[in-house]
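Numbering (the working numbering), first residue to last: 124 to 568. Every residue gets a Cβ at the ideal spot worked out from N, C-alpha and C, and that includes glycine. Here the structure is a predicted model, which is why all the values come from computation and not from measurement. For reference, the structure discussed in these notes is given below.
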Ligand SMILES: [Fe+2]
């Protein structure tokens, strides 16, 4: 169990030192070549409705499908995309459909690692939740074998898809898997086919002429997990990936007086695949938000996905327009005093006009020694107070690579440590409203 500033694993010797004592280094210790986040897959009980809701709420059109209409008798999958960000929504069909054709369930599946019983159990246990974080690697088979030989629990052996791509899966935390994706060849692939930018066995969908959707979201920045004990999971993931610690925060750094967490961010060599993980801290007046998540999610799982916008003001204006008509609602905005102080905190980076726009849209701002982070959090996106989405824009840390191409350093501006207390305050306020409702329910004798 995590206690304030005292998360120590006896076996691993892993110990949190806290934000102020943490010295950032990049040992470039990846065990295999990691390229980027590839996609995120949600397991649902109905993929059509979930995909449509996310498409509308995030301005990410449906761009590919694999379902009965494409010959998939095992699962319905819909892919939404904006820039480099891909979300896949998958739900099972009745097993009698493929059985009637005397086909094994995997014969027509576009994602052959899909398992109907696991998917049904997953949805029943967790509600709407992320099953898979997929990263593109140079060679998925090598990544899988190397991971397993360094302690990763295998979840799906490497599978070659249409001689084009390979996928393989290992356990990340709880029921969440890390999926490795690599591409074999580009021969016989046309540029507009999903084979060239996603996976084979999907058919392209183009609804842009009837309804263009784009709110400016471009890629996944970080994918955060909640676990009961950080030391064990961090050691496990570090061990099989070789990822290094990019940042850490303890309860003293981020907690309010009422709730807290310890957090570690793991990163790959180029620090563009960022995997933060949180554990609850006990002994505080109110229950830790992380503990609340673990109870409602019935175990560890993915807590939030941080999506990078190329223009957070535009993204927020668009997202807020559809908040109450099928989109996502946001956590309550911080009080006006927050924005008065913001001038002192970030006045050299943001203009008065931009600070005003942040206030109008409820955007939080934080900075680290390298850059500035603009961020905002949605309310939980499903029935349970579990998974939510963060929209961010990072400002600063522009570097030039060997070819002279300008790029932004990963994790620039941090993760909003200074805003954690604002987030927790707002989540707690939200929970209090739920509790108040529960108390006011009529009771029967
Ligand atoms: Fe985040």
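Item to check | residue 328 (DSSP reduced to helix, strand or coil) | outcome: coil
Checklist entry - How big is the Cα-Cα spacing for residue 130 and residue 306? => result For residue 130, the predicted model reports a pLDDT of 41, less than 50, meaning its position is unreliable; a value from the coordinates is still stated below. One C-alpha to the other measures close to 40 Å.
Checklist entry - Do residue 202 and residue 321 come within 9 Å of each other at the CB atom, strictly closer than that value? => result yes
Next on the checklist: What does DSSP give as the partner residue(s) for residue 579 in the beta ladder?
Outcome noted: As shown, the chain starts at 124 and ends at 568. That puts residue 579 outside it, with no answer to give.
Checklist entry - Is any heavy atom in ligand 1 found nearer than 8 Å to the beta carbon of residue 538? => result yes
Checklist entry - So, helix, strand or coil for residue 396, using DSSP? => result coil
Checklist entry - DSSP on residue 344, reduced to helix/strand/coil? => result strand
Checklist entry - Beta carbon of residue 412: closer than 8 Å to some heavy atom of ligand 1? => result no
Checklist entry - Around the Cβ of residue 530, are there at least 16 other Cβ atoms within 10 angstroms (buried) or fewer (exposed)? => result exposed
Item to check | residue 292 to residue 343 span [Cα, whole Å] | outcome: 19 Å
Item to check | Minimum length 4: unbroken alpha helix (DSSP H) runs contained in the region 263 to 304 | outcome: 263 to 272
Item to check | Simplified DSSP assignment, three categories, for residue 435 | outcome: helix
Checklist entry - Which residue's Cα is closest to the Cα of residue 160: 214, 256 and 241? => result 256
Checklist entry - Got a sec, what are the start and stop residues for the beta strand (DSSP E) residue 496 sits in? => result 494 to 500
Next on the checklist: My output table needs one value for residue 148: the three-state DSSP class, helix, strand or coil.
Outcome noted: coil
Item to check | Whole-angstrom distance between residue 347 and residue 128, CA atom to CA atom | outcome: With a pLDDT of 36 at residue 128, under the threshold of 50, the modelled position of that residue is not reliable, and no figure is offered here.
Next on the checklist: Just to confirm, is the Cβ distance from residue 154 to residue 273 under 9 Å?
Outcome noted: yes
Next on the checklist: Let me check understanding here. Comparing Cα to Cα, which of 493, 387 and 407 lies closest to residue 355?
Outcome noted: 387
Checklist entry - The beta strand (DSSP E) spanning residue 209 covers which residue range? => result 208 to 215
Item to check | Residues bridged to residue 521 (per DSSP) | outcome: 531
Checklist entry - What does a CB cutoff of less than 6 Å around residue 508 pick up in its chain, not counting 5 residues either side in sequence? => result 419
Next on the checklist: Across the region 140 to 148 and the region 176 to 189, are there enough close Cβ pairs to call them in contact, namely three or more that are closer than 8 Å?
Outcome noted: no
Next on the checklist: Relative to the C-alpha of residue 324, which candidate in 451, 280, 393 and 200 has its C-alpha closest?
Outcome noted: 200
Item to check | 6 Å Cβ shell around residue 539 - same chain, five flanking residues per side excluded | outcome: 489, 496 and 498
Checklist entry - Heavy atom of ligand 1 less than 8 Å from the Cβ of residue 516, yes or no? => result no
Next on the checklist: If contacts are defined as beta-carbon pairs under 8 Å, then residue 360 and residue 295 qualify, I think. What distance do you get, rounded to the angstrom?
Outcome noted: 7 Å
Checklist entry - Can you name the start and end residues of the alpha helix (DSSP H) that residue 318 belongs to? => result 317 to 320
Checklist entry - Got a sec? Which residues, its chain only, sit under 7 Å from residue 478 by beta carbon, not counting five neighbours each side? => result 462, 465 and 466
Checklist entry - Which residues bound the beta strand (DSSP E) around residue 240? => result Unbroken run through residue 240 is the alpha helix (DSSP H), 239 to 249; no beta strand (DSSP E).
Checklist entry - Looking only at its own chain, which residues have a Cβ that is under 6 Å from the Cβ of residue 345, when we skip the five neighbours before and after it? => result 397, 399 and 429
Checklist entry - What residue range is occupied by the uninterrupted alpha helix (DSSP H) comprising residue 170? => result 170 to 181
Checklist entry - Counting along the chain, where does the alpha helix (DSSP H) carrying residue 220 start and finish? => result 218 to 223
Checklist entry - Which stretch, first to last residue, makes up the beta strand (DSSP E) that contains residue 201? => result 198 to 205
Next on the checklist: My output table needs one value for residue 421: the three-state DSSP class, helix, strand or coil.
Outcome noted: coil
Item to check | Three-state class that DSSP yields for residue 258 in the structure shown | outcome: strand
Checklist entry - If residue 184 and residue 330 are in contact, beta carbons under 8 Å, what's the gap, nearest whole angstrom? => result 6 Å
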